[in-house]
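S.K.: Take a look at this one; I'll ask things after.
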Amino acid sequence: MLIAVAIIGIVAGIAYPSYTRYVERSLRTDAHAGLLQAASEMERCYSRRYNYTGCAITTTSPDGNYTLSVAAGGESDGGFLLIATTPQADGCHGDIQLNARGERTPVVCW
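Under my numbering, the residues of the sequence shown are numbered 297 to 406, in order.
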């Protein structure tokens, strides 16, 4: 009986960190999908108006784990900055961002 408990403890000790990393990656994938969709919406709006001002985006990621927002950009980021924010632990320690030039930050989270 004691051996069985020890084996279960070892397996759980290995499996739990792997599961946690899997959940973090799946959360980030939701952010990526939402940001890319929002970038597409911004580009579509720009093609109609020739300006990013007044463009609306979807405010949540596809699975609803992230809140998406857009910040008016300047010359350095190409015109807009999209930000994905979540209260959940996704392993990024901050917001995930995508700008009009396709630059993604933080790099570790992409």
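For every residue, glycine included, the Cβ atom is placed at its ideal position computed from N, Cα and C.
Nearest chain B C-beta to Tyr315 closer than 9 angstroms, yes or no?
M.R.: Annotation note: the requested chain B is absent from the structure, which comprises a single protein chain.
S.K.: Between which two residues does the alpha helix (DSSP H) harbouring Ser357 extend?
M.R.: Neither: Ser357 is in no alpha helix (DSSP H) and is coded neither H nor E.
S.K.: I need the boundaries of the beta strand (DSSP E) containing Thr382, first residue and last residue.
M.R.: First-last for Thr382: undefined, no H or E at that position.
S.K.: If you follow the alpha helix (DSSP H) that Thr316 is in, where does it begin and where does it stop?
M.R.: Looking at the DSSP string, the run of the alpha helix (DSSP H) that includes Thr316 is Leu298 to Arg345.
S.K.: From the DSSP output, which residues share a beta bridge with Ala368?
M.R.: The partner list for Ala368 (beta bridge, DSSP) reads Phe376.
S.K.: Could you tell me which of Gly369, Asn347 and Gly387 sits nearest to Ser314, measuring between CA atoms?
M.R.: It is Gly387 whose Cα lies nearest to the Cα of Ser314.
S.K.: In its own chain, which residues sit with a C-beta less than 6 angstroms from the C-beta of Cys351, not counting the 5 before and 5 after it?
M.R.: Excluding residues within five positions, the ones whose Cβ falls inside 6 angstroms are Met338 and Cys341.
S.K.: To the nearest angstrom, report how far apart Val307 and Arg317 are at their CA atoms.
M.R.: Approximately 16 angstroms, taken between the alpha carbons.
S.K.: Would you kindly check if the distance between the Cβ of Tyr362 and the Cβ of Ala327 is under 9 angstroms?
M.R.: Cβ distance < 9 angstroms, so Ala327 and Tyr362 count as in contact.
S.K.: How many whole angstroms separate the CB atoms of Ser357 and Gly374, which I take to be in contact at a CB cut-off of 8 angstroms?
M.R.: Contact doesn't hold; Cβ gap of about 22 angstroms is too wide.
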